[in-house]
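2 protein chains.
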Amino acid sequence: MPLTQAERELLDQPAFATLVTLMPDGGPQATAIWYRRDGETLRMACGASSVKARNITRDPRVAVTVIDPGNPYAFIQVRGAAEVVADSDLARAEFRILAHRYMGEEAGAAWAESLPQTSDFAVLVINPERTSLTSAM
Amino acid sequence: MPLTQAERELLDQPAFATLVTLMPDGGPQATAIWYRRDGETLRMACGASSVKARNITRDPRVAVTVIDPGNPYAFIQVRGAAEVVADSDLARAEFRILAHRYMGEEAGAAWAESLPQTSDFAVLVINPERTSLTSAM
Numbered sequence: 002m003p004l005t006q007a008e009r010e011l012l013d014q015p016a017f018a019t020l021v022t023l024m025p026d027g028g029p030q031a032t033a034i035w036y037r038r039d040g041e042t043l044r045m046a047c048g049a050s051s052v053k054a055r056n057i058t059r060d061p062r063v064a065v066t067v068i069d070p071g072n073p074y075a076f077i078q079v080r081g082a083a084e085v086v087a088d089s090d091l092a093r094a095e096f097r098i099l100a101h102r103y104m105g106e107e108a109g110a111a112w113a114e115s116l117p118q119t120s121d122f123a124v125l126v127i128n129p130e131r132t133s134l135t136s137a138m
Numbered sequence: 002m003p004l005t006q007a008e009r010e011l012l013d014q015p016a017f018a019t020l021v022t023l024m025p026d027g028g029p030q031a032t033a034i035w036y037r038r039d040g041e042t043l044r045m046a047c048g049a050s051s052v053k054a055r056n057i058t059r060d061p062r063v064a065v066t067v068i069d070p071g072n073p074y075a076f077i078q079v080r081g082a083a084e085v086v087a088d089s090d091l092a093r094a095e096f097r098i099l100a101h102r103y104m105g106e107e108a109g110a111a112w113a114e115s116l117p118q119t120s121d122f123a124v125l126v127i128n129p130e131r132t133s134l135t136s137a138m
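Residue numbers (this note's numbering), protein chains in the order written: chain A, 2 to 138; chain B, 2 to 138.
The structure is reproduced here in structure tokens:
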């Protein structure tokens with residue numbers, strides 16, 4: 002399902018996303034997280050054994066919201082299916098891209114370098130199935 | 002479960018919350034929404050027949066996140082049970098309080114006055130069961 006131009010514009014701003022996954026009991030779990038739009042998908046990175054990665058592996062249904070930093074009354078909701086790509090090298094590269102987006106080139110590179118070498122990371126790829134762009138009230 | 006002082010301080014800032022409810026198929030639905038802390042609960046208002054109100058009536062499990070407006074790397078997650086109080090008068094009063102919090106006294110009062118008289122509204126009361134205050138990465 003292609004994103005609209007207005008949805009792309011909101012998603013391309015470096016605001017934080019809220020990523021919602023489902024716990025083992027089906028209850029919702031939500032965290033603030035870096036993301037970026039890559040074509041028609043959203044990409045994130047996280048610890049390979051984080052709660053969100055484990056939740057998605059068990060049940061791929063997610064929701065993502067981003068509030069427009071320039072207008073808190075506008076926000077996008079994305080519902081879709083996520084995939085966990087458990088490839089630490091790929092995830093480190095993704096973290097570098099994300100850190101650049103959110104922190105700038107120099108601080109982002111330093112931050113990415115500081116990721117612990119012994120930890121396992123994963124990329125999250127989210128395929129939107131339904132999107133809505135709306136005002137909050 | 003009492004909120005910590007740091008959690009109260011974050012929640013008392015007028016940032017928007019992301020409220021997550023569960024759709025009939027168990028998938029997550031997330032929206033940006035006004036809220037306020039009232040003691041140990043969070044309160045919101047919405048349309049009485051909105052998707053979120055219907056979702057909570059069917060399954061009260063919700064998650065709420067608020068990103069610190071002063072530090073996007075800090076956010077709170079609240080998981081708990083929500084209750085729909087389908088009382089339009091109470092909800093209009095709640096909207097007035099929320100509008101004051103987010104828009105200021107004068108604009109908030111005008112906004113609350115402009116709510117359609119013929120619509121039914123509801124108050125959402127969220128009882129936190131688990132909270133976490135964390136940085137995003």
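Backbone N, C-alpha and C define an ideal beta-carbon position, used for all residues, glycine too.
When DSSP states are grouped into helix, strand and coil, Thr135 of chain A belongs to the strand group. At least one CB of chain A lies nearer than 8 angstroms to the CB of Ile68 of chain B. The contact set of Phe17 of chain B on chain A, defined by CB atoms closer than 8 angstroms, consists of Ile68, Pro73, Phe76 and Ala137 in chain order. Within 8 angstroms of the CB of Arg93 of chain A, no CB atom of chain B is found; the nearest one sits about 13 angstroms away.
Ala83 of chain B is positioned such that its CB atom lies no closer than 8 angstroms to that of Ile34 of chain B. By the neighbour-count definition (other C-beta atoms within 10 Å, threshold 16), Asn56 of chain B is a buried residue. Under the three-state reduction of DSSP output, Phe96 of chain A falls in the helix class. At least one CB of chain B lies nearer than 8 angstroms to the CB of Gln30 of chain A. Interface residue (Cβ-Cβ distance to chain B less than 8 angstroms): Leu23 of chain A is classified as such. Looking at the backbone, the Cα of Arg37 of chain B and that of Asp88 of chain A are separated by about 41 angstroms. Excluding five sequence positions before and after Glu95 of chain A, the CB atoms of its chain that fall closer than 7 angstroms to its own CB belong to Arg44, Ala46 and Val124, given in chain order.
Not a single CB atom of chain B sits nearer than 8 angstroms to the CB of Ala7 of chain A.
Under the three-state reduction of DSSP output, Gly109 of chain B falls in the helix class. Comparing C-alpha distances from Leu4 of chain A to each of A:Thr19, A:Glu41 and A:Gly109 shows the shortest one belongs to A:Glu41. DSSP assignment within the stretch 52 to 97 of chain B yields the following whole alpha helix (DSSP H) runs of 4 residues or more, N-terminal first: 52 to 59. According to the DSSP assignment, Gln30 of chain B belongs to the beta strand (DSSP E) that extends over Pro29 to Ile34.
Met2 of chain A carries a coil assignment under DSSP once its states are collapsed to helix, strand and coil. For the options B:Val65, B:Gln118 and B:Arg97, the alpha carbon positioned closest to that of Pro129 of chain B is the one of B:Val65.
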